[in-house]
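Visitor:
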Amino acid sequence: MTRSQAKFPGAASVIIISAPSGSGKSTVVRSLLNSAPGLQFSVSYTTRARRSREKNGREYFFVTLAQFKRMIAAGEFVEWANVYGNFYGTPRRPIEAAHRAGADILLDIDVQGHRKVRKRLRGAVSVFLLPPSYEELKRRLTARNSECPATVEKRLRAARDEISHWPEYDFVVVNDNVARATRALHAIVTASRARRQNQRDEIRKICRTFS
Ligand code: ADP
Ligand code: 5GP
């Protein structure tokens, strides 16, 4: 058993969502967090530049490369990866805290991160969010106007490889419509909460009333 597995026994309340950049993942995740009380968002650390509408500590903790490397050395990440030329990492402590509190936590991470977390947290549930088509992805990524054309190009090229990973996920949701995709994700969160390993204490309590 790895150190991480030992630290998160069960860990069934971790929900991972991945998607190519521009699919609408942040939009749908925001909408889900508003409609699913008790679901926390895991705020990653990143070395990428902050976008104008982002707030430090809300979308990400924005750090320098030197700070990021110190965190790696200190073992502060459950996983970290280089995505589109910048570093991103999932901090360990909020996941441990959510686990202790019995809360669900949502990780918005890429396909590399998904693979690592799935190995470490066996009970994690994962969702791949697909855009309705390549053309629509290109339109959304360009319309967002947050990256320069070269970066948009890089992200679009990466999308072809990223979508090939959909078979590794438990669920696939198509984001053709924000409300519809949010409802689908909400149903997945509800189903994940109903898994028997997430309800052991409650079930035992009921069973004791029969003895
Ligand atoms: P991601 O987090 O996947 O990179 P964003 O959430 O920033 O993507 O969305 C990219 C752009 O697409 C934004 O301008 C957003 O408003 C738009 N968008 C998101 N979901 C939809 C949708 N279902 N239909 C149309 N536009 C969408
Ligand atoms: P963006 O720069 O558009 O916010 O995110 C780029 C990509 O990095 C997205 O696919 C997002 O899911 C991914 N990402 C964000 N945080 C993490 C993280 O902590 N770990 C990994 N592996 N990927 C992340």
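Using my numbering, the first residue of the sequence shown is number 7, and each one after it goes up by one. Positions of the beta carbon are idealized from the N, C-alpha and C atoms, including for glycine. A quick note: this is a predicted structure, and the numbers were derived from the prediction, not measured.
Could you compute how far the alpha carbon of A185 sits from the alpha carbon of S27?
Guide: 19 angstroms
Visitor: If you run the structure through DSSP and keep just helix, strand and coil, what is T52?
Guide: In this structure, T52 counts as strand in the three-state DSSP scheme.
Visitor: On a CA-only basis, which of N62, E159, L143 and K31 is nearest V49? Give me that one, please.
Guide: N62
Visitor: DSSP puts A87 in a beta bridge; with which residues?
Guide: Y94, per the DSSP bridge assignment.
Visitor: Which same chain residues end up closer than 7 angstroms to F68 when comparing Cβ atoms and leaving out the 5 residues on each side of it in sequence?
Guide: T52, R56 and N62
Visitor: Closer than 7 angstroms by C-beta to A190: which residues in its own chain qualify, once you throw out the five before and the five after it? Chain order, please.
Guide: Cβ within range, chain order: V179.
Visitor: Tell me which same chain residues have a C-beta within less than 6 angstroms of the C-beta of H171, skipping the five on either side of it?
Guide: Excluding sequence neighbours, H171 sits near V117.
Visitor: Apply the 10 Å Cβ neighbour rule to R210 and answer buried if 16 or more other Cβ atoms are within range, or exposed otherwise.
Guide: exposed
Visitor: Kindly confirm or deny that the region 24 to 40 and the region 149 to 161 touch, where touching means at least three C-beta pairs closer than 8 angstroms.
Guide: yes
Visitor: Under the three-state reduction of DSSP, which class applies to N62: helix, strand or coil?
Guide: strand
Visitor: Does the Cβ of Q118 lie closer than 7 angstroms to at least one heavy atom of the ligand 5GP?
Guide: Flag set: Cβ of Q118 near the ligand 5GP.
Visitor: Please determine, among E141, V195 and P137, the residue with the shortest C-alpha to C-alpha distance to V20.
Guide: V195
Visitor: Tell me which same chain residues have a C-beta within less than 8 angstroms of the C-beta of L38, skipping the five on either side of it?
Guide: L45, L112, T188, L191, H192 and V195
Visitor: Helix, strand or coil for V69 per DSSP?
Guide: coil
Visitor: Within 7 angstroms: the Cβ of V20 and any heavy atom of the ligand 5GP?
Guide: Relative to the non-hydrogen atoms of the ligand 5GP, the Cβ of V20 never comes closer than 7 angstroms to any of them.
Visitor: Are V123 and V84 touching if we call contact CB-CB under 8 angstroms?
Guide: Yes, the Cβ-Cβ distance between V123 and V84 is below 8 angstroms.
Visitor: Can you give, in chain order, each stretch of the alpha helix (DSSP H) that sits fully within the region 123 to 174 and has at least 4 residues?
Guide: 140 to 150 and 155 to 169
Visitor: How many Å lie between E65 and D207 at the Cα?
Guide: 33 angstroms
Visitor: Go through its chain and collect everything with a Cβ distance to I169's Cβ below 7 angstroms, but skip five positions before and after it.
Guide: P26 and L136
Visitor: Is it buried or exposed for R214, if we count other Cβ within 10 angstroms and need 16 for buried?
Guide: exposed
Visitor: What separation, rounded to the nearest whole angstrom, lies between the Cα atoms of V34 and A80?
Guide: 33 angstroms
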